[in-house]
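**Student:** Take this structure first; my questions come after.
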Amino acid sequence: MAKRALGLIEVRGYLGAVVAADIAVKAANVSIINIEKIKSGLNTVHITGDVGAVKAAVAAAVAELENKSFYRGSHVIASMDEQTEKLIRAEKKLKKEEPLPVEERAIAVEQAVPLAQSKEEVAISANLVASPEPSERTELVNEEATETTEIAEMPTSIEVEAIETPFVPKFSQTELEKLKVVKLRSIAYREKDIQLSKKEIKFANKRQLVQALMELSRKE
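The opening position of the sequence shown corresponds to residue 0 in numbering that gives the first Met the number 0, with each subsequent residue numbered one higher.
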């Protein structure tokens, strides 16, 4: 079995790799077996074929790209050893069999789950929604009676007015002073009734923001 040659063309960026591969296959009877992505944006185009064809293809690509900023280098292995050829093929096969990322696998699993419930699930749901047992109905009646009694014992509107609700300010000055200016601005932007315009909030210092928020708190 005749040994095949391997041509390697290294460029920066995927676009440059596609251009190099296109020039190579147009120049000679060769096959592209891989475009390998390396760190720092480097890509290596792998082409294979007869020795003469590979040399001609690589030479054509180099002649076209050697003055381009993305071209990095090239090399031709005239007669690949069997172990080298197995290594190249193994890398290509490994890339094809790379597992999906965790997020994509999760999406695939979710899509595989049928949306409709099975007949058994529907039957179980129907049983759960069925009317309660007699003992449960008795408990419901007792609960309703208790709620009615509690409503009857509630104070009248006059009594409610007599009860004073202690004033609780919306903001605490101590807590506001602990916050950073960025957080205070964020709170101020959300308050519609604050006595500062958006432009004033943007350029206000911490003391001004705290003072404006406390004034708003006292009004409420």
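Idealized CB from N, CA, C, for every residue including glycine.
Roughly how many angstroms lie between the CA atoms of Asn238 and Leu175, to the nearest whole one?
**Tutor:** Residue 238 lies beyond the residue range present for the chain, which begins at 0 and ends at 219; the question has no answer from this structure.
**Student:** Could you name the residues of the same chain whose beta carbon sits closer than 7 angstroms to that of Gly40, not counting the 5 residues immediately before and after it, in chain order?
**Tutor:** So the qualifying residues of the chain are Arg11 and Gly12.
**Student:** Counting only runs that start and end within the stretch 38-63, where is the beta strand (DSSP E) found for 3 or more residues in a row?
**Tutor:** Counting whole runs of 3 or more residues, the stretch 38-63 contains the beta strand (DSSP E) stretches 41-48.
**Student:** Report yes or no: do three or more beta-carbon pairs, one from the stretch 77-90 and one from the stretch 57-68, lie closer than 8 angstroms?
**Tutor:** Judged by Cβ distances under 8 angstroms, the stretch 77-90 makes no contact with the stretch 57-68, as fewer than three pairs qualify.
**Student:** Relative to the C-alpha of Ser216, which candidate in Arg88, Lys54 and Ile186 has its C-alpha closest?
**Tutor:** Out of Arg88, Lys54 and Ile186, Ile186 has the C-alpha closest to the C-alpha of Ser216.
**Student:** List the whole-angstrom C-beta distance separating Leu212 from Phe170, where the pair is believed to meet the contact cut-off of C-beta under 8 angstroms.
**Tutor:** That pair is a contact at about 5 angstroms.
**Student:** Can you round the beta-carbon distance between Val44 and Ala27 to whole angstroms, since I take them to be within the 8 angstroms contact cut?
**Tutor:** With 8 angstroms as the limit, Val44 and Ala27 do not qualify as a contact, their Cβ atoms being about 14 angstroms apart.
**Student:** Applying the 10 Å Cβ sphere with the 16-neighbour rule, what's the burial state of Ser196?
**Tutor:** With fewer than 16 other Cβ atoms within 10 Å, it is exposed.
**Student:** Grouping DSSP H, G and I as helix and E and B as strand, with all else coil, what is Ile22?
**Tutor:** Correct three-state label for Ile22: helix.
**Student:** Return the chain-ordered list of same chain residues with a C-beta closer than 7 angstroms to the C-beta of Ser30, the five sequence neighbours on each side being excluded.
**Tutor:** For Ser30, where only same-chain residues beyond five positions count, the Cβ hits under 7 angstroms are Ile46, Thr47 and Gly48.
**Student:** Might you give, ordered along the chain, the residues of its own chain that have their beta carbon closer than 6 angstroms to the beta carbon of Ala52, omitting 5 neighbours on each side?
**Tutor:** The answer, listed in chain order, is Ala27, Asn28 and Val29.
**Student:** What are the boundary residues of the beta strand (DSSP E) that Val10 is part of?
**Tutor:** Element bounds for Val10: Ala4 to Arg11.
**Student:** Here's a check: name, in chain order, each residue in its chain whose Cβ is nearer than 7 angstroms to the Cβ of Ala19, leaving out the five neighbours to either side.
**Tutor:** For Ala19, where only same-chain residues beyond five positions count, the Cβ hits under 7 angstroms are Ile8, Val10, Val44, Ala60 and Leu64.
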